[in-house]
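Peer 1:
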Amino acid sequence: MKEKAYHEKVTIQNELKLRELLQTLPNFCRDYFIGIEPTTSSRTRIAYAYDLGIFFEYMHENNPFCRKTEISEFPLTILDQIKAQDIEEYLNWLKYYIKDEVEHTNNERGISRKLACLRSFYHFFFRTERISTNPAELVKMPKLHEKNIVRLDVDEVALLLDEVESGESLTQRQKAYHAQTKKRDLAMLTLMLGTGIRVSECVGLDISDVDFKNNGIKVHRKGGYESIVYFGEEVERALLDYIQERTKIIPAEGSANALFLSMQKKRMSVRSVENLVKKYSKLVTSLKNITPHKLRSTYGTALYQESGDIYLVADVLGHKDVNTTRKHYAAQADQRRRQAAKLVRLRESE
Numbered sequence: 000m001k002e003k004a005y006h007e008k009v010t011i012q013n014e015l016k017l018r019e020l021l022q023t024l025p026n027f028c029r030d031y032f033i034g035i036e037p038t039t040s041s042r043t044r045i046a047y048a049y050d051l052g053i054f055f056e057y058m059h060e061n062n063p064f065c066r067k068t069e070i071s072e073f074p075l076t077i078l079d080q081i082k083a084q085d086i087e088e089y090l091n092w093l094k095y096y097i098k099d100e101v102e103h104t105n106n107e108r109g110i111s112r113k114l115a116c117l118r119s120f121y122h123f124f125f126r127t128e129r130i131s132t133n134p135a136e137l138v139k140m141p142k143l144h145e146k147n148i149v150r151l152d153v154d155e156v157a158l159l160l161d162e163v164e165s166g167e168s169l170t171q172r173q174k175a176y177h178a179q180t181k182k183r184d185l186a187m188l189t190l191m192l193g194t195g196i197r198v199s200e201c202v203g204l205d206i207s208d209v210d211f212k213n214n215g216i217k218v219h220r221k222g223g224y225e226s227i228v229y230f231g232e233e234v235e236r237a238l239l240d241y242i243q244e245r246t247k248i249i250p251a252e253g254s255a256n257a258l259f260l261s262m263q264k265k266r267m268s269v270r271s272v273e274n275l276v277k278k279y280s281k282l283v284t285s286l287k288n289i290t291p292h293k294l295r296s297t298y299g300t301a302l303y304q305e306s307g308d309i310y311l312v313a314d315v316l317g318h319k320d321v322n323t324t325r326k327h328y329a330a331q332a333d334q335r336r337r338q339a340a341k342l343v344r345l346r347e348s349e
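With numbering that gives the first Met the number 0, the residue at position 86 of the sequence shown is 85, and numbering never jumps.
#1: Secondary structure at residue 224, three-state DSSP: helix, strand or coil?
#2: Please determine, among 315, 64, 28, 151, the residue with the shortest C-alpha to C-alpha distance to residue 287.
#3: Per DSSP, what kind of secondary structure is residue 327 in: helix, strand or coil?
#4: From which residue to which residue does the beta strand (DSSP E) around residue 218 run?
#5: Using 8 Å for Cβ pairs, my map puts residue 186 next to residue 238. What's the rounded Cβ distance?
#6: Can you check which of these residues, 278, 266, 320, is closest to residue 172 by C-alpha distance?
#7: If residue 293 and residue 198 are in contact, beta carbons under 8 Å, what's the gap, nearest whole angstrom?
#8: Among 24, 97, 45, 103, which residue has its Cα nearest to the Cα of residue 72?
#9: What is the DSSP secondary structure of residue 260, counted as helix, strand or coil?
#10: DSSP on residue 208, reduced to helix/strand/coil?
#11: Please return the same chain residues whose Cβ sits closer than 6 Å to the Cβ of residue 110, not counting the five positions on each side in sequence.
#12: The alpha helix (DSSP H) that contains residue 102, what's its start and end?
#13: One question on the structure: do residue 257 and residue 206 come within less than 9 Å of each other, judged by their Cβ atoms?
#14: Where does the unbroken beta strand (DSSP E) through residue 98 begin, and where does it stop?
#15: To the nearest angstrom, report how far apart residue 289 and residue 272 are at their CA atoms.
#16: If you reduce the DSSP assignment to three classes, tell me which class residue 126 lands in.
#17: Nearest by alpha-carbon distance to residue 42: which of 30, 121, 221 is it?
#18: Sorted by chain position, which residues of the same chain lie with C-beta nearer than 8 Å to residue 181's C-beta, five sequence neighbours on each side aside?
#19: Whole angstroms are fine: how far does the CA of residue 61 sit from the CA of residue 128?
#20: Please list the segments of the alpha helix (DSSP H) lying wholly inside the region 225-296, counting only runs of 4 or more residues, in order along the chain.
#21: Out of 117, 22, 228, 194, which has the shortest C-alpha to C-alpha gap to residue 296?
#22: With a threshold of 8 Å on Cβ separation, who are the neighbours of residue 107 within its own chain once the five nearest residues in sequence on each side are excluded?
#23: Between the beta-carbon of residue 300 and the beta-carbon of residue 234, is there less than 9 Å?
#24: Can you give me the C-alpha to C-alpha distance between residue 353 and residue 78, rounded to a whole angstrom?
#25: If I follow the unbroken alpha helix (DSSP H) through residue 313, where does it start and stop?
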């Protein structure tokens, strides 16, 4: 049997997880997830299922009308019994709550995402004329404050790659593993810093996705489409160095095509790459919480500063909407506009 591509495996795993989560939700929720399937990713549907689970648990515990029935037995008509004020109280509760003896908090962005889920949920049943009210639409979205982009400076990028290559600052135990993973780690971080690909796109790469003739990689983008991302000489050298080593490794079953392998000879996971980035970045900067996504921001910032072309940055990063890119790099745009004020002189100073 032909080995399934990484993104196909992830989609199947997510679909099975969604079916599991649906067992805890009201039966009518199935119609909603079938309805949004063509326009959402499997990961988005899982996130919505989690959010709806929290919403219905809250309503079951705090709403007198909902308390009468088990969650899985809620009728669709119960949505018409929930008012905008109920949703506002739920969003306020989300700021801090305890579940299974674990404390949970949500900032303005987390609350905004959960309200977006409810709006989508209510809109589906309201649009199909199965409920007569849409209270979620009456609730205002929280005001989101702009976040500073956390990224590595130019000198920090060089220090990070030097650390990956040398391993000098690692503990003795880490150094023992470093000898076996150095080329792989350097190839992965150089690739992410040199192309801006997502961590999921990185771990999903197969050997056949790398094209050294054109210096490009084929990535499966968020949203389901494929794209070619091109890389420069530094990335090329790091990849070639690692692939020479990779061809000598006999991978575990199910990972024969994977480009990046773990110590267990299996395809690297997103979590393992996150831990890898955290380990090395702490050696370079203790003040910044660097994640794979921050490496992506580092690349996007550098590309925008060099090109000044927001559309190019959006295209390379795989943003479908350029406004997403513009929102993230607004600070750089403002900096460029400030520079423009100094470039034009109206009269020579005496």
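Ideal placement from N, C-alpha and C gives every residue a C-beta, glycine not left out.
Peer 2: Looking at the atomic coordinates:
#1: coil
#2: 151
#3: In the three-state reduction of the DSSP assignment, residue 327 falls in the helix class.
#4: 215-219
#5: 5 Å
#6: 278
#7: With 8 Å as the limit, residue 293 and residue 198 do not qualify as a contact, their Cβ atoms being about 11 Å apart.
#8: Nearest Cα to residue 72 within the set 24, 97, 45, 103: 24.
#9: Residue state for residue 260 is assigned as strand, using DSSP reduced to three classes.
#10: helix
#11: 90, 93, 141
#12: No alpha helix (DSSP H) holds residue 102; the beta strand (DSSP E) holding it covers 101-104.
#13: yes
#14: 95-98
#15: 12 Å
#16: helix
#17: 221
#18: 163, 164, 166
#19: 27 Å
#20: 232-245, 269-283
#21: 194
#22: 141, 142, 143, 144
#23: no
#24: The first residue shown for the chain is 0 and the last is 349, placing residue 353 beyond what the model contains.
#25: 309-316
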